[in-house]
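>
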Amino acid sequence: MEAHCVPQHFSPPLGSPHSPLHVIVISEVCLLGEGLALALEREASLSVCGCFGALDDALRNLPPLQPDIVLLNTGVRAATDAIARIRGVAPSVKVIALAIDENLEDVIAWAQAGASGYIPSTAALRDVAPLLGDIVRGEQPCAARVVAGLLRRIGDMGPSKGFAAATDSPAMPTASEMQVLEMISSGLSNKEIARRLNIGLATTKSHVHNLLGKLGLQRRGQAASWIRAQQVRSDLGNRPPGVRL
Numbered sequence: 195m196e197a198h199c200v201p202q203h204f205s206p207p208l209g210s211p212h213s214p215l216h217v218i219v220i221s222e223v224c225l226l227g228e229g230l231a232l233a234l235e236r237e238a239s240l241s242v243c244g245c246f247g248a249l250d251d252a253l254r255n256l257p258p259l260q261p262d263i264v265l266l267n268t269g270v271r272a273a274t275d276a277i278a279r280i281r282g283v284a285p286s287v288k289v290i291a292l293a294i295d296e297n298l299e300d301v302i303a304w305a306q307a308g309a310s311g312y313i314p315s316t317a318a319l320r321d322v323a324p325l326l327g328d329i330v331r332g333e334q335p336c337a338a339r340v341v342a343g344l345l346r347r348i349g350d351m352g353p354s355k356g357f358a359a360a361t362d363s364p365a366m367p368t369a370s371e372m373q374v375l376e377m378i379s380s381g382l383s384n385k386e387i388a389r390r391l392n393i394g395l396a397t398t399k400s401h402v403h404n405l406l407g408k409l410g411l412q413r414r415g416q417a418a419s420w421i422r423a424q425q426v427r428s429d430l431g432n433r434p435p436g437v438r439l
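Residue 195 is where the sequence shown starts when you use the numbering used here, and the numbers rise one by one after that.
(1) Touching or not, the region 343-352 and the region 317-333, by the rule of three or more beta carbon pairs under 8 Å?
(2) Consult DSSP for residue 407 and reduce its assignment to one of helix, strand or coil.
(3) Three or more C-beta pairs closer than 8 Å, one from the region 234-252 and one from the region 211-222: is that the case here?
(4) Quick check on the DSSP output: the beta strand (DSSP E) that includes residue 241 runs from which residue to which?
(5) In whole angstroms, what separates the C-alpha of residue 308 from that of residue 416?
(6) What does DSSP give as the partner residues of residue 265 in its beta bridges?
(7) At the level of alpha carbons, what is the spacing between residue 299 and residue 407?
(8) Would you decide whether residue 378 is buried or exposed? Buried here means 16 or more other CB atoms lie within 10 Å of its CB.
(9) Of the choices 386, 287, 222, 297, whose alpha-carbon is the least far from that of residue 258?
(10) From the DSSP output, in three-state form, read off residue 421 for me.
(11) Please state whether DSSP places residue 258 in a helix, a strand or coil.
(12) Quick one: what's got a C-beta closer than 7 Å to residue 360's C-beta in the same chain, skipping five residues either side?
(13) Which of helix, strand or coil does DSSP assign to residue 348?
(14) State buried or exposed for residue 398, treating a residue as buried only when at least 16 other CB atoms are found within 10 Å of its CB.
(15) Assign residue 308 to one of three DSSP states: helix, strand, or coil.
(16) Would the beta-carbon of residue 315 fall within 8 Å of that of residue 294?
(17) Name the one or two DSSP bridge partners that residue 302 has.
(18) My output table needs one value for residue 280: the three-state DSSP class, helix, strand or coil.
(19) Report yes if the C-beta distance between residue 405 and residue 374 is below 8 Å; otherwise report no.
(20) Could you have a look at residue 314 and say whether DSSP puts it in helix, strand or coil?
(21) How many Å lie between residue 440 and residue 414 at the Cα?
(22) Note down, in chain order, each residue of its chain lying with its Cβ closer than 8 Å to the Cβ of residue 234, except the 5 sequence neighbours on either side.
(23) As a quick exercise: from 341, 334, 274, pick the residue whose alpha carbon is nearest that of residue 381.
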């Protein structure tokens, strides 16, 4: 039975001493979504600007609401495809999977889908706001077994495919090329990219072709994986040893 939650809009707090993170909750389970939204509104560090039961409703409201975070309940059908659609209208937003089973395969699946982080199903309500803060800062608390599994998975890739191949890495893209790459990873077509950049379609096709060739990518679908690999490489290089990834 399809859920029909009435879209809820929340006004940001006035006179807050710090700029709060603006959050949208998307959950087909209305009780979960609306209850979480109301609870998060009590957090000084957060401002819930919307709660939606249908993805299409959320997509229509994302541009005017301009959230920093979209909390996506895994009950939303085809949630991994939903991330690409969300990024298509809000490329810079952080999509965070809500209440996932913290096992290696699910964590990898959500990472490959483009999630910026996740809230495990075992998290208590009081833990959600601190976890969101961690993820926005580029940290993701993980169960030790997940970290061990990720290390094994990376090790199985071998030195020719793992992070040790840094010396063979292609040249890094410029800032403008990175902007195009992020649009590609969000699923935008050449026509949509051309419209956003206000350039011709032929010029856009040439830019995209040259950029993929520069990075050694064979398909457009590899763009998101390339960006995530760079983020992971940067995190591993800058963070001290520990459980947090």
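For glycine and all other residues, C-beta sits at the position ideal for the given N, C-alpha and C.
Taking the coordinates as given:
(1) no
(2) helix
(3) yes
(4) 240-246
(5) 12 Å
(6) 219, 290
(7) 31 Å
(8) buried
(9) 287
(10) helix
(11) helix
(12) Interpretation of residue 360 is limited by its pLDDT of 45, a score under 50 that renders its predicted location unreliable; no figure is taken from the coordinates.
(13) helix
(14) buried
(15) coil
(16) yes
(17) Answer is none; residue 302 lacks a bridge partner.
(18) helix
(19) yes
(20) strand
(21) Within the shown structure, residues of the chain are numbered from 195 to 439, placing residue 440 beyond reach of any answer.
(22) 217, 219, 240, 242, 322, 323
(23) 274
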